[in-house]
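Trainee:
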Amino acid sequence: MAPMRRILTHEVRGLFADRIVWISAVAVVLLSGYAVHVGARATEAHRGQVATAVAEEAERYILLRAAMEEVHAGNASPSAFQDPTRPYVAGRGRGQRYAVLPPTSFQASAVGQSDLFPPVVPVLLDGADPRSTREEIENPVHLLSGPLDLAFVVTFLLPLLALALSFDLLSREREQGTLGLLLSQPISARRLTLAKLAARWGLLFLLTAGAGGLAFVLLGGGLTPDRFFLWAAIVGGYLAFWMGLAAVVNVTGRDSSRNAVALAFLWLVFVVLIPAGVQITAALVHPVPSRAELVALEREEVRQVQEQASAVLAQYFDDHPELLPEGSVDAVDFQTRAFAVNQEVRSRLAPVRARYRERLEAQREWIQTFRWLSPTILTYEALVELAGTGDGRMERFEGEIEAFHAEWVAFFEPLIYGNRRLAPEDLDRLPSWRFDEEGDREVWAAVLPGLLGLLLFAGGALGSALGLLRDGGDRRWTP
Amino acid sequence: MLKAENLSKRYEGSTALSDLNLEVNPGEIYCLLGANGAGKSTTIRLFLNFIQPSSGRATVDGVDVTKAPLETKKVLAYIPEQVMLYPHLSALENLEYFAALAGHEHYSRKELEAFLLRSGLQADAHAQRVSTYSKGMRQKVGIAIALAKRARALLLDEPTSGLDPEASNEFSGLLQQLRGDGVAILMATHDLFRAKELGSRVGIMRRGLLRAELDPSTLGHADLERIYLDHMHD
Numbered sequence: 047m048a049p050m051r052r053i054l055t056h057e058v059r060g061l062f063a064d065r066i067v068w069i070s071a072v073a074v075v076l077l078s079g080y081a082v083h084v085g086a087r088a089t090e091a092h093r094g095q096v097a098t099a100v101a102e103e104a105e106r107y108i109l110l111r112a113a114m115e116e117v118h119a120g121n122a123s124p125s126a127f128q129d130p131t132r133p134y135v136a137g138r139g140r141g142q143r144y145a146v147l148p149p150t151s152f153q154a155s156a157v158g159q160s161d162l163f164p165p166v167v168p169v170l171l172d173g174a175d176p177r178s179t180r181e182e183i184e185n186p187v188h189l190l191s192g193p194l195d196l197a198f199v200v201t202f203l204l205p206l207l208a209l210a211l212s213f214d215l216l217s218r219e220r221e222q223g224t225l226g227l228l229l230s231q232p233i234s235a236r237r238l239t240l241a242k243l244a245a246r247w248g249l250l251f252l253l254t255a256g257a258g259g260l261a262f263v264l265l266g267g268g269l270t271p272d273r274f275f276l277w278a279a280i281v282g283g284y285l286a287f288w289m290g291l292a293a294v295v296n297v298t299g300r301d302s303s304r305n306a307v308a309l310a311f312l313w314l315v316f317v318v319l320i321p322a323g324v325q326i327t328a329a330l331v332h333p334v335p336s337r338a339e340l341v342a343l344e345r346e347e348v349r350q351v352q353e354q355a356s357a358v359l360a361q362y363f364d365d366h367p368e369l370l371p372e373g374s375v376d377a378v379d380f381q382t383r384a385f386a387v388n389q390e391v392r393s394r395l396a397p398v399r400a401r402y403r404e405r406l407e408a409q410r411e412w413i414q415t416f417r418w419l420s421p422t423i424l425t426y427e428a429l430v431e432l433a434g435t436g437d438g439r440m441e442r443f444e445g446e447i448e449a450f451h452a453e454w455v456a457f458f459e460p461l462i463y464g465n466r467r468l469a470p471e472d473l474d475r476l477p478s479w480r481f482d483e484e485g486d487r488e489v490w491a492a493v494l495p496g497l498l499g500l501l502l503f504a505g506g507a508l509g510s511a512l513g514l515l516r517d518g519g520d521r522r523w524t525p
Numbered sequence: 006m007l008k009a010e011n012l013s014k015r016y017e018g019s020t021a022l023s024d025l026n027l028e029v030n031p032g033e034i035y036c037l038l039g040a041n042g043a044g045k046s047t048t049i050r051l052f053l054n055f056i057q058p059s060s061g062r063a064t065v066d067g068v069d070v071t072k073a074p075l076e077t078k079k080v081l082a083y084i085p086e087q088v089m090l091y092p093h094l095s096a097l098e099n100l101e102y103f104a105a106l107a108g109h110e111h112y113s114r115k116e117l118e119a120f121l122l123r124s125g126l127q128a129d130a131h132a133q134r135v136s137t138y139s140k141g142m143r144q145k146v147g148i149a150i151a152l153a154k155r156a157r158a159l160l161l162d163e164p165t166s167g168l169d170p171e172a173s174n175e176f177s178g179l180l181q182q183l184r185g186d187g188v189a190i191l192m193a194t195h196d197l198f199r200a201k202e203l204g205s206r207v208g209i210m211r212r213g214l215l216r217a218e219l220d221p222s223t224l225g226h227a228d229l230e231r232i233y234l235d236h237m238h239d
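Chains R and Z are the protein sequences, given in the same order.
Going from the first sequence to the numbering used here is simple: count from 1 and add 46.
Going from the second sequence to the numbering used here is simple: count from 1 and add 5.
1) Run down chain Z in chain order and give the residues with a C-beta less than 7 Å from the C-beta of ILE233(R).
2) Do you know offhand how far GLN414(R)'s Cα is from LEU319(R)'s?
3) So, with DSSP's three-state summary, where would you put LYS79(Z)?
4) With SER19(Z) as the anchor, note down where its beta strand (DSSP E) starts and where it stops.
5) Report yes or no: is there a C-beta of chain Z within less than 8 Å of the C-beta of SER230(R)?
6) Return the bridge partner residues of TYR138(Z) from the DSSP annotation.
7) Since LYS79(Z) meets chain R, which of its residues come closer than 7 Å, beta carbon to beta carbon?
8) In whole angstroms, what is the alpha-carbon distance linking ARG140(R) and ALA156(R)?
9) Can you check whether the CB of CYS36(Z) is closer than 8 Å to the CB of THR223(Z)?
10) What residues of chain Z sit near LEU227(R), judged by a beta carbon separation below 8 Å?
11) Taking 8 Å as the cut-off, does the stretch 112-129 of chain R touch the stretch 484-492 of chain R (at least 3 CB pairs, one atom from each stretch)?
12) Anything in chain Z within Cβ reach of GLN222(R), meaning under 9 Å, just list it in chain order.
13) For GLU181(R), which residues from the same chain have a beta carbon less than 8 Å from its beta carbon, with the 5 sequence-adjacent residues on both sides left out?
14) Can you give me the Cβ contacts of VAL455(R) inside the same chain, cut-off strictly under 7 Å, excluding the 5 residues immediately before and after it?
15) Is it a yes or a no for the stretch 25-40 of chain Z touching the stretch 190-210 of chain Z, going by three-plus beta-carbon pairs under 8 Å?
16) Under the DSSP definition of a beta bridge, which residues are partnered with THR64(Z)?
17) Please look up how many angstroms separate the CB atoms of SER59(Z) and ARG15(Z), rounded, as I've assumed it's under 8 Å.
18) Checking contacts by CB at 8 Å: is LEU75(Z) closer than that to chain R?
19) Comparing alpha-carbon positions, which option in LEU229(R), GLY505(R), TYR284(R) lies nearest LEU250(R)?
20) Please report how far the alpha carbon of ALA151(Z) lies from the alpha carbon of LEU159(Z), in whole angstroms.
21) Following the continuous beta strand (DSSP E) through ARG206(Z), name the residue where it begins and the one where it ends.
22) Can you tell me the Cα-Cα spacing of HIS236(Z) and GLY208(Z), whole angstroms?
23) At a Cβ threshold of 8 Å, is LEU512(R) touching chain Z?
24) So within the stretch 366-450 of chain R, which uninterrupted alpha helix (DSSP H) runs reach at least 4 residues, ignoring any that extend past its ends?
25) Report yes if the CB atom of ARG218(R) is closer than 8 Å to the CB atom of HIS332(R), and no otherwise.
26) Could you check what DSSP says for ALA286(R) in three-state terms: helix, strand or coil?
27) Output the distance between the C-alpha atoms of PHE416(R) and ASP161(R), rounded to the nearest integer angstrom.
28) Drop a sphere of 10 angstroms on the beta-carbon of ASP365(R), count the other beta-carbons inside from all chains shown, and report buried for 16 or more, exposed for fewer.
29) Should ALA328(R) and GLN409(R) be called a contact, given that it needs their Cβ atoms to be closer than 8 Å?
30) Counting Cβ pairs, one atom from each stretch, are 3 or more of them under 8 Å apart for the stretch 206-225 of chain R and the stretch 287-299 of chain R?
31) Output, in chain order, the set of chain Z residues within a Cβ distance shorter than 7 Å of GLY60(R).
32) Reducing DSSP to helix, strand and coil, say where VAL187(R) ends up.
Okay, structure coming up:
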């Protein structure tokens, strides 16, 4: 094994004699630093939004409690639309809760979906739709318009550096005339290639992991060791894929400039064309109905339900006779009526919303299926899931919002129909939001399949290169 | 030590080497003469296992080079027409690297310097980057690499082309020393004069065929040239 180590040190020395390593080092350090800074700023903004909402809610509850106490003490008699003891008023505006998504400890590594998905969603009786501020689905493959965060640096730019270091892996030896002397030594071509790859991989990996880690410690609010370990594993696997690809191209025996062109083309295919293709086909095969259509439909439903408001209410009290107040349905006040209309509209729109969500889900599944076509998609998805800004955690947030909204409505429904009033101490019984955060196991489960796929890609590239280097048969790359 | 048995190399539509039989024993210098494309380099590349024979076999010390190339490459040293080295390293560092690859990691600096001196490279050049070297100086480092490898067989592909007469003469002296040490040397060359002077035997090749095998000690310089030209023009 001595020659292997010897080749490795020789290669590292050769790389350092070359400008390219210094340029790469500077590029990696500057880009990582800037990218983590961008990520940290986005995370800070996110944290700020959450903190503001939480503070606003707490303050509002203090005021609400005071107002309720006033009404109870008989010191104030606000109108029905202002009366905080009325459940319809408390449940819609003054007592409204925020569903908030706290940033993760590793969020500075990838902005991902977090800049598209509001981290603070008001939960009212009327609804809680986190997508209300989103025009269309933005999927993670939509990289080009993304911010320059660390995930972008890793998926887009790192391959270019990996290729800059390895595009002339064997062709340079042939062109500078050393390949003959080298291969006349008792060292197999496979070992030579492996050692050369190991030197370049090791150098760039240490550089990237070091710069990334340092940037986190200095700018990103510290390192979470197990997440950083996974991050480094993803980066290492991705680098290995690109360098394996460079080895494959080198073994086909073209000169350095043709290798460079071939590898640039492969970069374009894997980093740009396949991800864009997957995204475009997802939108073509599973088109999402336009937001405007949904809004128009909603208005139409509201109009229809309002026309039939009495019938809607009568139906409700047929089902819940115990809640029927004194008198007739006609005597039910405006707020009860409005609530009933609202609930009816929601339930009528439910299939439309479900279809909308199904389409988004289908698009996401499409991308999940075809992500195996490009290590770039695998890497990006793994990185955003690791950062907690991917679709996985966002869907979890959405699901929890929905559940919380249902709990909220269920709490108020009997109070509104029963025409009850709230006492200040009822505020303590109101459902309150708590995000059930992903556990480590869920993060690993979200990241590992992609990481394994990445390692398969890397293994495939390396395996092909080494397979093509096997003894027997003339090889085009020999001197 | 070096043996070709019915060694042939055919490419699609052309024959680079046809049924070559030759043997180089320890302490012999076998010179292969012939025009470009005669099959001299093909022969050397076959011995190095850079290309695979279409039929026949090449053996080094009785071992088929296609069966155990790493074994045979321990015994072989190769000096190409242009010895190219790592330009960012000195002669000493280049030598040290190639010696380590050949399995000799144990050489001290003194020993390495001794190889370079024996090859005729002046001491003040040892630590210079080889990017400043002339072809002759690089050829000397190539010899030093072969010496350090303790090779028992040497393959040379037109090693003296482009050297000035003095360097060429110096080079011949080194080869004679190696022959004295019992190294088997196979040298492809255009240089009839060197072949006559150095060769234990001379083979004349044309279009992949070994046309004649001569003992130069029985011939004058003029005879060798005449025979060579006869073979080229028939």
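Beta carbons are placed, not taken as given, at the ideal position from N, Cα and C, and that holds for glycine.
Fair warning: this is a prediction, and the values are worked out from it, not measured in the lab.
Mentor: Reading off the structure:
1) LEU106
2) 17 Å
3) helix
4) 19-29
5) yes
6) According to DSSP, TYR138(Z) bridges with nothing at all.
7) PRO232
8) In this structure, the straight-line span from the alpha carbon of ARG140(R) to that of ALA156(R) is close to 36 Å.
9) Contact flag unset, no.
10) TYR83, PRO85, VAL88, MET89, LEU90, PHE103, GLY147, ILE150
11) no
12) MET89, LEU90, TYR91, PRO92
13) Its pLDDT being 41, under 50, GLU181(R) is placed unreliably by the model, and the measurement read from it follows with that caveat. The answer, listed in chain order, is ARG337.
14) LEU171
15) yes
16) LYS8(Z), ASP69(Z)
17) Contact holds; Cβ gap of about 4 Å.
18) yes
19) It is TYR284(R) whose Cα lies nearest to the Cα of LEU250(R).
20) 8 Å
21) Residues 206-211.
22) 11 Å
23) No, LEU512(R) lies away from the interface with chain Z (no Cβ there is under 8 Å from its Cβ).
24) 380-416, 421-433
25) no
26) helix
27) 24 Å
28) exposed
29) yes
30) yes
31) TYR91, HIS93
32) Model confidence at VAL187(R) stands at a pLDDT of 48, short of 50, so the residue's coordinates are unreliable; what they give is reported in the following sentence. Note: VAL187(R) maps to coil in three-state DSSP.
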